[in-house]
Each structure stands twice: as C-alpha cells, then as structure tokens.
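Student: Chains as they are written, first to last, in our numbering: chain X, 279 to 682; chain H, 1274 to 1562; chain D, 47 to 324.
All C-beta atoms, glycine included, are put in the ideal place defined by N, C-alpha and C.
Remember, predicted model here, so these are calculated numbers, not experimental data.
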Amino acid sequence: MTGGKGALTQSIVNDFNQLPANKGKIEVSPQFVGTYEEGLNKLRTALLAKRGPHIAQVTDIGTQVMIDSGAIRPIADFIKEDPEFPYDELLSPIRRYYEVRGRLYSLPFATSTPVVYYNEDAFKRVGLTRAPVTFEELKAYSRKLTDVNLRTTGITWPLHSWFFEQFLAQQGKDLVNHGNGRDGRATESNLFIPEAIDFVSLWDGMVREGTFANVGRGWEPAEQNFLASRSAMLITSTSDVFDILEKASFKVKTAAMPRKDPSVKGGAIVGGNSLWILSTKPPAEQRAAYEFLKFMASKAVQRKWHMGTGYFPIRKDVIADLDREGFYVKFPAARTAITQLEASPQMNATSGALIGNFAEVREAIETAIEKVIARMLDAPTALGEAKAETDRALARYNRSRGEN
Amino acid sequence: MKAHPVLAWILLLPTLVILGVFVAYPAVNSIYLSLYEMEPFSGRSFFVGIENYRDLLTTASYWHTLRITLWFTLLTVIPSVVLSLIAALALDANPYCRGVLRTVFLLPVAISSAMAAMLWIFIYNPTAGYLNYIIDCFGGKGPNWLGDPHWALIGVVIATVWKEIGFNVIFFLAGLSSVPQELREASLMDGANRWQRFWHVVLPVLSPTVFFVMIVSVINSLQSFGQIHILTGGGPAGETTTLVYKLYRDGFQYFRTGYASAQAVGLFILILLATGVQFRLAKRKVHYG
Amino acid sequence: MNQSAQIKQTRRLATAVLFIPALVQFFPLFYLICMSFKVGGEVMSYPPDLLPHSLNPINYQTAWESAPLWRFLLNSIVVAGFITLLQVVTSILAAYALARMEFRGKKIIFLLIVATMMVPGEVTIIPNYFTLARLDWINTFYALIVPFSASGFGIFLLYQFFRTLPKELEEAALMDGASRLRFLIQFVVPLSRPAITAFAIYAFVGAWNQYLWPLIVTQSTDMQTAQIGIGMFRSQNESTSWGVVMAATTILVAPTILLFVFTQKQFVRGIAMSGMKG
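1) Tell me, please, whether the CB atom of H/Leu1285 is closer than 9 Å to any CB atom in chain D?
2) With a Cβ-Cβ cutoff of 9 Å, do H/Leu1339 and H/Leu1504 count as a contact?
3) So, does the CB of H/Leu1280 fall closer than 9 Å to a CB anywhere in chain D?
4) Bridge partners for X/Asp425 per DSSP, in chain order?
5) According to the neighbour-count rule (16 or more other Cβ atoms, all chains shown, within 10 Å of its Cβ), is H/Ala1333 buried or exposed?
6) Nearest to X/Ala546 by alpha carbon, out of X/Thr412, X/Leu446 and X/Glu414?
7) Any Cβ of chain X within less than 9 Å of the Cβ of D/Phe118?
8) Using a beta-carbon distance below 9 Å, is X/Ala611 in contact with chain D?
9) Need the endpoints of the beta strand (DSSP E) that X/Gly549 sits in, please.
10) Using a beta-carbon distance cut-off of less than 8 Å, what residues from the segment 1489-1501 of chain H approach chain X?
11) Spell out the partners DSSP gives X/Asn531 in its beta bridges.
12) Reducing DSSP to helix, strand and coil, say where X/Arg379 ends up.
13) Quickly, what does DSSP pair H/Glu1575 with across the bridge? List them, please.
14) Should H/Gly1524 be flagged as near chain D, meaning a C-beta pair shorter than 9 Å?
15) According to a CB-to-CB cut-off of less than 9 Å, which residues of the segment 158-173 of chain D neighbour chain H?
16) For the alpha helix (DSSP H) that contains H/Thr1288, what are its first and last residues?
17) Looking at the C-beta of H/Thr1346, does it have a partner C-beta in chain X at a distance below 9 Å?
18) For H/Pro1453, name the three-state secondary structure that DSSP assigns.
19) Can you grab the Cα-Cα spacing for the pair H/Gly1402 / H/Trp1424, in whole Å?
20) Do X/Ser552 and X/Asp355 come within 9 Å of each other at the CB atom, strictly closer than that value?
21) Starting from the Cα of H/Asp1421, find the closest Cα among X/Tyr375, X/Ala491 and X/Ala464 and give me that residue.
22) Just to make sure I have the definition right: I need the residues of chain X whose C-beta is within less than 7 Å of the C-beta of D/Thr271. Which are they?
23) The alpha helix (DSSP H) that contains X/Gln335, what's its start and end?
24) I want to verify the contact list: residues of chain X whose CB lies under 7 Å from the CB of H/Glu1310, in sequence order.
25) On a CA-only basis, which of X/Lys283, X/Gly284 and X/Pro331 is nearest X/Ala567? Give me that one, please.
26) Straight-line CA distance for H/Ile1427 to H/Ile1501?
27) Any C-beta of chain D sitting closer than 9 Å to the C-beta of H/Asp1328?
28) Between the alpha carbons of D/Glu168 and H/Ser1315, how many angstroms are there, rounded?
29) Quick test of your reading: D/Tyr248 and H/Ile1443, contact by CB under 8 Å. State the CB separation rounded to the nearest angstrom.
30) Given a cut-off of 9 Å, decide if D/Pro193 and D/Thr162 are closer than it, judged by their beta-carbon atoms.
31) Using 8 Å for Cβ pairs, my map puts X/Trp554 next to X/Ser390. What's the rounded Cβ distance?
32) I need the straight-line Cα distance from H/Ser1318 to H/Gln1536, nearest angstrom please.
33) Between the segment 285-304 of chain D and the segment 95-111 of chain D, can you find at least three pairs of beta-carbon atoms closer than 8 Å?
34) Would you mind listing the beta strand (DSSP E) stretches within the segment 409-483 of chain X that are 3+ residues and don't spill past its ends, in chain order?
35) May I ask you to list the residues that DSSP assigns as paired with X/Ile513?
36) Shorter than 9 Å from the beta carbon of H/Gly1420 to some beta carbon of chain X?
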C-alpha cells in the first residue's frame, strides 16, 4: 500500500498497537515491500530460507500458490475457536473468493471490482442520459461519444486480464475447469469459448472503429486518459472512486459494467488482496497475528478503510450503517460497485478462479489481446494459442506439485 | 619481470573470496538448479535432467526472444558507443564551459534506470506525452511508442541509449586523458585531414578504452533489465522481451526456478560467446602502452 | 589554413556538435524538476506545458513528510560509499597483480574474473540470500555491502589502464629499491586517477541504483535505501501523485549529481599529468 492508502494502513496499525489490551503484549509493524510481485518474491525468498513475516498481504491471484506453500495457517482455524469473529457479516462474494471448500484461508483486505465511470457532461452533450447496459449499447454509445476532430473516444480501460476475467464471469463462465479450480486442480482453461472470443472481438472491434482508446497496460494511462477528457467512459477499479471524483474537472457518475446478455446468470468477481497468517512462527505469535486480523475486520476499521479509500467494506453491517446514515446519498458513486457485487449470484464463476500459476495465465491472455489489437492475429487464433499455452502451464504446475 | 606469486595472490585474495562466494557460487548453483524443477514456496524439487533445456530450445518464443535480444543489443550498443565517443571527443576539444557541459552529459547516469524509465513513460505517454506533442507541432503523428508492438522496441532503445551515452562518455573521457597532449595537438596540426588523424593517431591510443566500453556495453545490454520492466513489462505482445527479461519473468513472476536457471546458463553462454568474439578481434586491433 | 585557425575551427565545431545532444541529455532531468513543482492534475494536462505554473514547494513538503527520506539518503550514502571504496581498493590490488605481475594461473584467473561480469545478476539473488541468512546478516549493512565489495568490471577497466603505463617507470622504481606495493601506491594510483575516478562513479551509481536486492534483504524501514523510498511513492492502486514522486526523486538524485560536480576536477588533473610525462 502506498501513498494515501499507505498512510491509512499505518494509522490503522497504530490504532491496533495503541489498544490497551495490546500495549506491551502485541505490536505490529508494517513493512513496505514494493509492488505485489516484489512483495511475493520477498516472501518466497524468505520462506525458502525458513524466515519471513507473521502476516503477509498477498494479491488475489496468489491465493492458490499460498495455499500450496504449506507455510500458512488458514484463518478458519482461529475463527473456529472464536465465536466473536463476524463471519456471518462478511459479504458473500468477497468471502467466497478466499474460501475453499468451506474453509476461509485469509482475510480479505483491499477488495474491489471494476465499475464504469462516465463523464456526465460529455454524455449530456450528445444526448445520453445513462450508462450502457448491454454490449450493443456500449458500442452505440461509444460511437456517439467519439469525435475524430476533438480526438476524443468513447471509452477506455486498461489492457489487463482482469477485465477479460470479469466479462467471462458476467456471462457465468468459469475461467478454468474443475469448478474454476475450486473443486480440484485446474487442468484446462476456457480461453477458447465463444464468450471469450466475443469479448475480445468486441474490444478489438471498438479499437478498429476508433471508439476505444488503447493506452496499453497499466492502471494509470487509462485513468489519465479519462481525467484528461479524452475518453468519455472509463472502466476501472472502484478503489479509485474517491480519487477520480476529486481529480475530475467534470461531473463523474458511475454504473455497473455492461453485460453481453443481461438475462444470463452471472456477475462480478472481486479483486484486490488479502492478509495471510504464516505458520512458520510459534503458536502464540500466530494468535497475536489473528488478533490483528480480527481487528482489521472490526466495524470501526472497515468503516475507516472504506471511507478513506474506494475499497469495499467486507462487512454487510457497515454498508447497512452507511446506507442509513446517508453516506451513499452523498457519494452515490461509491455505492455502485457494492450494489453490483450484491447482485452477483453465488457460483464458481463469480467466486474467482483458483490457479497456482495464475500469473502465467494472465500473461497469456494479455499477450493474446495485444496481438489481436496489433492486428498480428485474429481473436480466435490468438485465444487458441493462449489456451494451448495456458493448458501447458497448468500441466506443468500440477506436475511440479508432484501430481501428474 | 620476476615472478612474485605470493604477493600476487595476496593482492587477489579479497576479490577472489568475494566474487567466489557471491557470484561464482550462485552461478554454479544455478547450473545445478537448472536440472531440477522446484516447487515455488516449499523448495522441494525433483530431478528433470535436461528437460528444462529441451523445453527451452523447442519453444518458439525462446528463439523469438533471442532475436529480440540481438536486435536490442545491436541497436543500443552501436549508437551509444559511437555517439558517446563523438561526444567525448567534442567535450575534450571544447574549452567553453567545460565543466558544465561535461556534467550535463553525465546527468542521465545520476538517475536510476527505474526512475529514468518512469520519466520516459511520461514523455512517451499517448495522451499527454511530450514527444508526440513535439512531433505534432511539426505536423506529424507520433506512434504509440510503448503500446505499439512495432515501435515499442525502438522506444526502449531510445531510453536505453540516452542513459548509456552518459556512462560511456565517462569512460571515453578517462581514456582520452591518457592520450598525451602533444599527440592530440599534433593530430590537429599536420596537413593530413581530420578524419585520418583521428583514425590513425587518436583511435589506436584510445583503443583499450574503446575495447573496454564495447565489452561493457554489450554485457550490460544483454543484461539490461530495469528500464524494460518499467517501460513495457516485456510487451506489447512480447516484442520487448529480451532473454534476461524472460529469465526474470520465469524466475520471479512464475517462480519456475529450474526453467529460469536453464535460461541463465543459456544467457551466460551467449554473453561468453559475444565477449570471446570481441576479445579475439581485439588481439589485432588493440594497442597497449 | 594556419594552425591556430584550424584549432579554433575544431573548437567551434566541437561546441556546435555538442549543443543539441546536450539539450537531449538534459531535457528529461529538466522535465523531472518541472514536474516536481506541478500540483495535482497539472501534471497530465494536454497540450502538455513544460513549465510549472508556480514554484510551489508543496510536493517537496509532502515527499519529505511521507517517508523518512533523510534516513533513506543516509543509508544509500553509507552503502554506496562503502561499496565504491571497497570495489576501488580490491580492483586496484587485483588489477595490478594481473597487469604487472607474473604467476602461474594468471590467465585463468583473469578469465574467471571477467567471466563473473557475465553472470546474470538475477541468479545470484536467492543463493546470496541463503548465504546471508546463514551468516545472520539479513537486514544489516553487511548484507547490503559485502556481496558487492569486489567488481569484475573494475578489475577489467583498471587492467586495461595499468597495461598502458610504461614498464620502464616500474623497472626504474624497483631498481631503486622501492617495494612493489609502494610503487603501486605512489605511482600507479596517481597516474590512473582518471580511470579510477571513472570506475568510482560507475560503482557508486550502480550501488546507488540498486533496488531488488535491498528490497529483499531489508526488513525494517530504517534499513531501506533511496530507491526503495522512491518505490514507496509509486502507487499501484491509486493514480500516483506524480508531482510528489518527482520531488522525492529530485531529492534523492541530488547526491549523485553533487558527486559528478566534485569529480570533474579529477578528469582535468589527469590530462595535466599525462602532459607532463613527455
């Protein structure tokens, strides 16, 4: 966590350390470890040398590899013996991501989904009153909002596999087999299904039409493009909502992601990161780590975290309180993603995929998309290649686990 | 010269110990690791023999990566060496604001590769980047430098050369300082034309430095990582993935230790070959004392 | 054309040739400094304007307050300083032995040392971490300094340089009864000052710019270095306050620039010395 979110994290840690019950007994000290990837590397290196922290903040896609590491203690073990833990208050879609076969492994920390941000002023100028709901509307609205002379486009979003995964889940489709990796290890990916090809074709089509601004990978270029009024719509994480509202020089509104076919059962997946307790430390210290995680899940902290950043509160009661207090009347933009998530039906697709080497899968997807947009390959060929590559990677990972 | 083996070994001892423990040992270790496949976190590994190497050599993307690496090296080393040599010569011959100009040329060296890369991301930014803005002012339309697979490598090369020139100028200036003043003055005065003077007089004396700069540039180029990581992450569509970047990705993003180790061995061999070739060529062309 | 006119022409040519490249070299740094004074959305305006609206130091203030930059600076100076010193010393000793002394196995040693330059740095990270863990040096200055206290590059560079020094000088000194070591310190080093300075700069900058290794090997904020500090300002999640990142970078870049300014003299002195040699 860096910048403003880093400062907030530090202040939450300070609050914990200051609690009378903890003074002199437990002290938590956070450590900056670079990006998710760098942090994971640092963790891995330390674990290989039989060292490491008590708690690790790990990115969402690292879930399976963390479970496989054998170096973690599922938080479920502690919750079992602690009736005070607000297990039932946790929002189902968020909880489901980090829960495998009924066992919660880590505590969701920074959680978000994508939402559509749109420039209401630009919309009004071309006579649009709401965000698109279907793919057809998405294409049509984007055309209206594109102006070649002004060099503006209808929409943009980062070139990131997350969006591919989201749009698959919206159509109720798993990313990989064996229950999205949740019923057993994934051995095959679904990169070649019609829904996947459709989405990439849509994306590519809009780039060719000039209605989509292709700003490449990375979260920032797309956001900058939107804030500079070059695109009228932006799809990105809801965790940036307060930031975007503050920086925009125009009226910003949010909406749920458009869906290819709203009648199909499907919904959004959460993303972000979670907190893990490592089993390499003595039991007493593990308990202390659990106390900290429990603190993180408390109402007060969740409120503070959500209101200070755009991330979801993981508790239903916090959302209910804020609803009652009219917080979302003031900031309707922050409620959109929550509403979108609440509407996400319970199924493997919306629980997110569990893949040991998720990073490789993401790279294959992103490379495929880049090739299509660069007109090196068409969507079916690129995705076919990606699927072959991913399946090989899955087999390799499973083999390295000693399971052929 | 009398032989003084004892003293020599004493002088070499600190270096040998440090390099032995912290470079040689890991290198040998990685050869060992390349014969295994390791589980990411637990460290458990099982023997796979030359499987990793076979895998590597039969993957089309590895050869693609090799090609990109060679291109990248060629495109960065030649301009950076030539341009920095010219710059060093010019700096040396120029009496006006010597110190200031020298510092200016060296400035890129002060910024880390990562930070320099971040600056270049701004300059290359498709929305508000300065480079395309300037091109715009001249009526052209700048490409999406880092996002377009056809241009991305060039974008990375430019950012790399920019930084490399600073480094190479330092070494050339040092080398030039050992060219005796009279030799330089003499080369300016004789009837022969400037080019001949340079080629036959200055360059030979400078040749040990040129040799050093070339070797170091090639090695650095083949190991170039920081800016690629920040600028393009190896993309788009793998068009800026060099051997070392692929190594990093397989080793530190995918945690495929055995596979990455095999690549490290391959990369080492490549660098060894490139250096060996240069040493061979140097025998004829480099003059000492 | 007479001699002085030719010299003048060469000098004017030299200046002309340098002008645009100097601008290109300087531009990104200038851009960095301009950006460090820009606030909020100003950074991403289109069309982009170079100069900031005002010399608002707020980014510097924010940067200074958000992270213990002074501590990072101090750590980096200590680490880079020691690495440079150790590399210079070990390289001088080793290069002299290789360039000027005879002993069995010399060629192999030289080749092995040059070979270490070719080992991709990435493979050294995990084994070195293990070694340091065993020595219990994790999160100490030792971990940041010791693995880098020798350098194949340094040895190679100085080897090249030492070999260009005339043998007669050495033979004369030795015949006068001077010991080898004395010769090394009193003659070789001063004569090689430009090369040593060049290498020192290279070593210092290399050490200063390290990121991954310090990140892996430090466990507490008070041991972290400048580059990690900059990393802290780059946000993965929210849109980065680029102005603040640039301000932090400018602060952390200052020592290296100062190093350049002060070492300028070394180059000049070197030139004067070789002139005297005749």
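Tutor: Checking against the coordinates, here is how it stands:
1) Residue numbering aside, residue 1285 of chain H sits at position 12 when the second sequence is read from its first letter. Taking Cβ atoms only, chain D reaches closer than 9 Å to H/Leu1285, which makes this a yes.
2) Numbered from 1 along the second sequence, position 66 holds the residue referred to as residue 1339 of chain H. Numbered from 1 along the second sequence, position 231 holds the residue referred to as residue 1504 of chain H. Taking 9 Å as the cut-off, the beta carbon of H/Leu1339 is found no closer than this to the beta carbon of H/Leu1504.
3) Within the second sequence, numbered from 1, the residue matching residue 1280 of chain H stands at position 7. Judged by the 9 Å Cβ criterion, H/Leu1280 is in contact with chain D.
4) One-based indexing of the first sequence puts residue 425 of chain X at position 147. Per DSSP, X/Thr430.
5) Residue mapping note: residue 1333 of chain H aligns to position 60 of the second sequence, counting from 1. Answer is exposed; the Cβ neighbour count stays below 16.
6) One-based indexing of the first sequence puts residue 546 of chain X at position 268. The candidate whose alpha carbon is nearest that of X/Ala546 is X/Leu446.
7) Working through the third sequence from its first residue, we reach residue 118 of chain D at position 72. No - not a single Cβ of chain X is within 9 Å of the one on D/Phe118.
8) Sequence index remark: in the first sequence, residue 611 of chain X carries index 333 (1-based). Not closer than 9 Å to any Cβ of chain D, the Cβ of X/Ala611 fails to qualify, so no.
9) In the first sequence, the residue the question calls residue 549 of chain X occupies position 271. Unbroken beta strand (DSSP E) run through X/Gly549: Gly549 to Leu556.
10) none
11) For the purposes of this step, residue 531 of chain X is taken as the residue at position 253 of the first sequence. In the sequence under discussion, the amino acid at residue 531 of chain X is Lys, which differs from the Asn named in the question. Answer by DSSP bridge pairing, in chain order: X/Tyr396.
12) Numbered from its first residue, the first sequence carries residue 379 of chain X at position 101. Note: X/Arg379 maps to coil in three-state DSSP.
13) Look at the range of chain H in this structure, 1274 to 1562, and you will see that residue 1575 of chain H is not part of it.
14) As a first step, residue 1524 of chain H is located in the second sequence; it is residue number 251 there, counting from the start. Yes, because at least one Cβ of chain D sits closer than 9 Å to the Cβ of H/Gly1524.
15) Leu158, Ile159, Val160, Ala161, Thr162, Met163, Met164, Val165, Pro166, Gly167, Glu168, Val169, Thr170, Ile171, Ile172 and Pro173
16) Locating residue 1288 of chain H in the second sequence gives position 15, counting from the first residue. First-last of the alpha helix (DSSP H) with H/Thr1288: Pro1278 to Leu1292.
17) Here the question's residue 1346 of chain H lines up with position 73 in the second sequence. H/Thr1346 does not count as touching chain X.
18) For this step, residue 1453 of chain H is matched to residue 180 along the second sequence. Coil.
19) Position 129 of the second sequence, counted from the first residue, corresponds to residue 1402 of chain H. Position 151 of the second sequence, counted from the first residue, corresponds to residue 1424 of chain H. The straight-line gap from Cα to Cα measures roughly 15 Å.
20) Position 77 of the first sequence, counting from 1, holds the residue named residue 355 of chain X. Position 274 of the first sequence, counting from 1, holds the residue named residue 552 of chain X. Result no, Cβ atoms of X/Asp355 and X/Ser552 do not sit closer than 9 Å.
21) Your numbering for residue 1421 of chain H matches position 148 in the second sequence. The shortest Cα separation from H/Asp1421 among X/Tyr375, X/Ala491 and X/Ala464 belongs to X/Ala491.
22) For the purposes of this step, residue 271 of chain D is taken as residue 225 along the third sequence, with counting starting at 1. The contacting residues do not exist; D/Thr271 stays about 12 Å from chain X at best.
23) Start at 1 with the first residue of the first sequence, and residue 335 of chain X comes out as number 57. No alpha helix (DSSP H) contains X/Gln335, which is instead part of the beta strand (DSSP E) from Ile333 to Thr337.
24) As a first step, residue 1310 of chain H is located in the second sequence; it is residue number 37 there, counting from the start. Per Cβ cutoff of 7 Å: Ser678.
25) Stepping through the first sequence from its first residue, residue 567 of chain X is reached at position 289. The candidate whose alpha carbon is nearest that of X/Ala567 is X/Pro331.
26) Working through the second sequence from its first residue, we reach residue 1427 of chain H at position 154. Working through the second sequence from its first residue, we reach residue 1501 of chain H at position 228. When rounded, the distance between both Cα atoms is 12 Å.
27) The residue you call residue 1328 of chain H lines up with position 55 of the second sequence. Taking Cβ atoms only, chain D never reaches closer than 9 Å to H/Asp1328, which makes this a no.
28) Counted from its first residue, the third sequence places residue 168 of chain D at position 122. Counted from its first residue, the second sequence places residue 1315 of chain H at position 42. About 20 Å.
29) Start at 1 with the first residue of the third sequence, and residue 248 of chain D comes out as number 202. Start at 1 with the first residue of the second sequence, and residue 1443 of chain H comes out as number 170. Contact flag correct, Cβ pair sits at about 7 Å.
30) As a working note, residue 162 of chain D is residue 116 in the third sequence. As a working note, residue 193 of chain D is residue 147 in the third sequence. Cβ distance not < 9 Å, so D/Thr162 and D/Pro193 don't count as in contact.
31) Counting from one through the first sequence, the residue named residue 554 of chain X turns up at place 276. Counting from one through the first sequence, the residue named residue 390 of chain X turns up at place 112. With a Cβ gap of about 19 Å, X/Trp554 and X/Ser390 do not count as contacting.
32) As a working note, residue 1318 of chain H is residue 45 in the second sequence. As a working note, residue 1536 of chain H is residue 263 in the second sequence. Between H/Ser1318 and H/Gln1536, the C-alpha separation is close to 18 Å.
33) Result yes; three or more Cβ-Cβ pairs closer than 8 Å.
34) 431-434
35) Counted from its first residue, the first sequence places residue 513 of chain X at position 235. Answer is X/Val394, bridged to X/Ile513.
36) Your numbering for residue 1420 of chain H matches position 147 in the second sequence. So, interface residue.
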